[in-house]
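Undergrad: The numbering of the sequence shown is numbering that gives the first Met the number 0, which starts it at 0 and goes up by one.
A virtual CB, placed ideally from N, CA and C, is assigned to each residue, including glycine.
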Amino acid sequence: MGEKQKFSGKIGFILAAAGSAVGLGNLWRFPYLAAKYGGGTFLLIYLVLAVTFGFTLMLTEITIGRKTGKSVINAYGALNSKFKFIGYLSALVPIIIFPYYCVIGGWVVKYLTVYLMNEGVAATQDTYFTNFITGTTQPILFLGIFLIATATIVVGGVEKGIEKFNKILMPLLILLSIGIALYGLTVPGAMEGFFYYITPDISKFSFAAVIAAAGQLFYSLSLAMGIMITYGSYMKKEDNIESCVRHIEIFDTGIAFIAGLIVVPSVFAFAGGEQAASASGPSLMFVILPRVFDSMKFGSIIGGAFFALVFFAAVTSSISLMETIVSMIEEKTKWNRITICIIVILLGFAMALPSTLGFGVWSSVTIIGLSILDFFDFISNTVLMPIVSLLMCIFIGYIMKTDMIAKEISTSEKFKSRKLYDIVIKFIAPIFLILILVTSILSVFKIFTL
Ligand code: PHE
Numbered sequence: 000m001g002e003k004q005k006f007s008g009k010i011g012f013i014l015a016a017a018g019s020a021v022g023l024g025n026l027w028r029f030p031y032l033a034a035k036y037g038g039g040t041f042l043l044i045y046l047v048l049a050v051t052f053g054f055t056l057m058l059t060e061i062t063i064g065r066k067t068g069k070s071v072i073n074a075y076g077a078l079n080s081k082f083k084f085i086g087y088l089s090a091l092v093p094i095i096i097f098p099y100y101c102v103i104g105g106w107v108v109k110y111l112t113v114y115l116m117n118e119g120v121a122a123t124q125d126t127y128f129t130n131f132i133t134g135t136t137q138p139i140l141f142l143g144i145f146l147i148a149t150a151t152i153v154v155g156g157v158e159k160g161i162e163k164f165n166k167i168l169m170p171l172l173i174l175l176s177i178g179i180a181l182y183g184l185t186v187p188g189a190m191e192g193f194f195y196y197i198t199p200d201i202s203k204f205s206f207a208a209v210i211a212a213a214g215q216l217f218y219s220l221s222l223a224m225g226i227m228i229t230y231g232s233y234m235k236k237e238d239n240i241e242s243c244v245r246h247i248e249i250f251d252t253g254i255a256f257i258a259g260l261i262v263v264p265s266v267f268a269f270a271g272g273e274q275a276a277s278a279s280g281p282s283l284m285f286v287i288l289p290r291v292f293d294s295m296k297f298g299s300i301i302g303g304a305f306f307a308l309v310f311f312a313a314v315t316s317s318i319s320l321m322e323t324i325v326s327m328i329e330e331k332t333k334w335n336r337i338t339i340c341i342i343v344i345l346l347g348f349a350m351a352l353p354s355t356l357g358f359g360v361w362s363s364v365t366i367i368g369l370s371i372l373d374f375f376d377f378i379s380n381t382v383l384m385p386i387v388s389l390l391m392c393i394f395i396g397y398i399m400k401t402d403m404i405a406k407e408i409s410t411s412e413k414f415k416s417r418k419l420y421d422i423v424i425k426f427i428a429p430i431f432l433i434l435i436l437v438t439s440i441l442s443v444f445k446i447f448t449l
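#1: Which of the three DSSP states is assigned to I366 in this structure?
#2: At the level of alpha carbons, what is the spacing between L146 and D293?
#3: List the residues that DSSP assigns as beta-bridge partners of P199.
#4: Distance check for A223 and Q215, CA to CA, integer angstroms please.
#5: Express the C-alpha separation of V291 and F204 in angstroms, rounding to a whole number.
#6: May I ask which residues mark the beginning and end of the alpha helix (DSSP H) holding A255?
#7: Do the CB positions of M190 and L181 come within less than 8 Å of each other?
#8: Are the segment 368-385 and the segment 130-148 in contact at 8 Å, needing three or more beta carbon pairs?
#9: With DSSP as the reference, label V107 as helix, strand or coil.
#10: Ordered along the chain, which non-local residues of its own chain (more than five positions away) have a Cβ less than 8 Å from that of G37?
#11: Roughly how many angstroms separate the alpha carbons of M399 and I393, rounded to a whole number?
#12: Taking only three categories from DSSP, how would you classify V387?
#13: List, from N- to C-terminal side, the alpha helix (DSSP H) runs of 4 residues or more that fit wholly inside the segment 55-91.
#14: Can you list, in chain order, the residues of its chain with a C-beta nearer than 6 Å to that of Y218? Leave out the 5 residues immediately preceding and following it.
#15: To which residues of the same chain is I44 closer than 7 Å at the C-beta, ignoring the five residues directly before and after it?
#16: Are the CB atoms of I240 and I408 nearer to each other than 8 Å?
#17: Whose C-beta lies closer than 7 Å to the C-beta of I96 among residues of the same chain, with five residues either side of it excluded?
#18: Confirm, please, whether the CB-CB distance from T51 to I424 is below 8 Å.
#19: What residues in its chain sit with their C-beta under 6 Å from that of E412, if we drop five residues either side in the sequence?
#20: D125 to S439, Cα distance in whole Å?
#21: Consider the C-beta atom of G22 and the heavy atoms of the ligand PHE; say whether any pair is separated by less than 7 Å.
#22: What's the C-alpha gap between S316 and V186?
#23: State buried or exposed for N114, treating a residue as buried only when at least 16 other CB atoms are found within 10 Å of its CB.
#24: Does the Cβ of Y218 lie closer than 7 Å to at least one heavy atom of the ligand PHE?
#25: Is it the case that the CB of L320 approaches a heavy atom of the ligand PHE more closely than 7 Å?
#26: Please name the residue in F431, F297, A312, L91 whose C-alpha comes closest to that of G104.
#27: Three-state secondary structure (DSSP) at M0?
#28: Under 8 Å, do G188 and A268 count as touching if we go by C-beta distance?
#29: Hey, would you say Y31 sits closer than 8 Å to D376, going by beta carbons?
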């Protein structure tokens, strides 16, 4: 293994990290939460949390990565050998998420293909999506395609693979999203939905709205997945971490907001406000939106552009997950990158099979009432991620102390938000993380709904 790979500079780093952050969460969950929790009110809460809670956690992860120059599995141990276990726990998260994220990525590739072949109308039928995911050959085939697309980028390395592709895909993603949003707003009835989306409805301000915003932000910024630590380890010492974090957040929140402009007004025009606030996740993306596109003039072009957008968002996220896993193996072995990538996609494929078959031939298998894919999602997102982040806050805030973070940040420039940072990492972030953990576990068991 030669010299540690690096991003070429600030822009490459920001685009890669933003590529990871902008994903399915921005497209299929943010619009729904915003519509549900009073539009502008939710946006406002989200923004306040982004510059405090989100900022602090992302800054910490990137700084840990850059300071240690290690992959997530070794980074905590490098800071303090007694806390190695946080690294092991964190390493589990991408290993669990990567396979099932690729299953969903495969669904996206399938829909992109359908639109490219100008067969979008078929996707409007009631049973189309269910028929597809309950099958065996097709979901496995598209999963394989998505995995290979991801690996083809990762195998190129940090600068010539990940950075290069993000520099192409992220600008395309912005153009596509703005284009689709603008077109969607011209549909009769969409303007009403637009105002519904942006006008603050103060009566919807609630404790649940704040927790929902914090949880969404946490997932949307790709926190607690080891990703930001890994990408941070590829960052040059002269780049300013604080300013990078701000740019990544602007990117991520901007795309989430535009996704809302695509989804809310068009669903509103198509089916009314009730629907706009009730649909999220796969049913929104693979069932409702194809119908919405079908009702539009040039709908098949818009649908194709939309699924290209979703594909770019998903693949730039999955490469960050895969790189996080590859970097751990690279550090532990002397194998070359191609060998490691082949091993990771083969194992990823094997681990993804139960998730995909869980909708079809293995649909009788449920764990705590959840399908296999949902169970993996539950363990990683709902349980492990808040715990990992909470441990990180305690470790940095109380054991290592924040001077260590401040010192690393100051290698490039003065740490401007130091005071805010100290308060958030020691007190505010832990409280939010505990609330996210408890409420999301309760909501999986339907005791409380967000
Ligand atoms: N931040 C991503 C999103 O908003 C989530 C994610 C990133 C999931 C990377 C997996 C891998 O969708």
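TA: Let me lay it out:
#1: Look at I366 here: in three-state DSSP terms it is strand.
#2: Spanning the two alpha carbons is a distance of roughly 29 Å.
#3: Answer is G38, bridged to P199.
#4: Approximately 13 Å between the Cα atoms of the pair.
#5: If I take the Cα positions, the gap works out to 29 Å.
#6: Its alpha helix (DSSP H) spans residues 240-270.
#7: Taking 8 Å as the Cβ cut-off, M190 and L181 do not qualify as a contacting pair.
#8: For the pair of segments examined, the segment 368-385 was found not to touch the segment 130-148: the number of CB pairs separated by less than 8 Å stays below three.
#9: Reduced to three states, the DSSP call for V107 is helix.
#10: For G37, where only same-chain residues beyond five positions count, the Cβ hits under 8 Å are P199, D200, I201, S202, K203, F204, A208.
#11: Taking the CA atoms as reference points, M399 sits about 9 Å from I393.
#12: DSSP places V387 in helix when its eight states are reduced to three.
#13: The qualifying runs are 71-78.
#14: Excluding positions up to five away in sequence, the list reads G24.
#15: A208, V209, A212, listed in sequence order.
#16: Their beta carbons are under 8 Å apart, which means I240 touches I408 by this criterion.
#17: Once the five neighbours on either side are set aside, the close Cβ partners of I96 are M224, L320, S379.
#18: No, the pair does not count as a contact, with Cβ atoms beyond the cut-off.
#19: Same-chain partners within the cutoff: N239.
#20: D125 and S439: Cα-Cα distance of roughly 30 Å.
#21: A heavy atom of the ligand PHE is found nearer than 7 Å to the CB of G22.
#22: Per the coordinates, the alpha-carbon of S316 lies some 31 Å from the alpha-carbon of V186.
#23: Note that residue 114 is Tyr in the sequence shown, not Asn. With 16 or more other Cβ atoms within 10 Å, it is buried.
#24: Yes, the ligand PHE has a heavy atom inside 7 Å of this Cβ.
#25: The answer is yes for L320.
#26: Comparing Cα positions, the closest option is A312.
#27: Note on M0: pLDDT 46, under 50, position unreliable in the model; no value is reported.
#28: With respect to the 8 Å criterion, G188 and A268 are classified as neighbours on the basis of their beta carbons.
#29: No, the pair does not count as a contact, with Cβ atoms beyond the cut-off.
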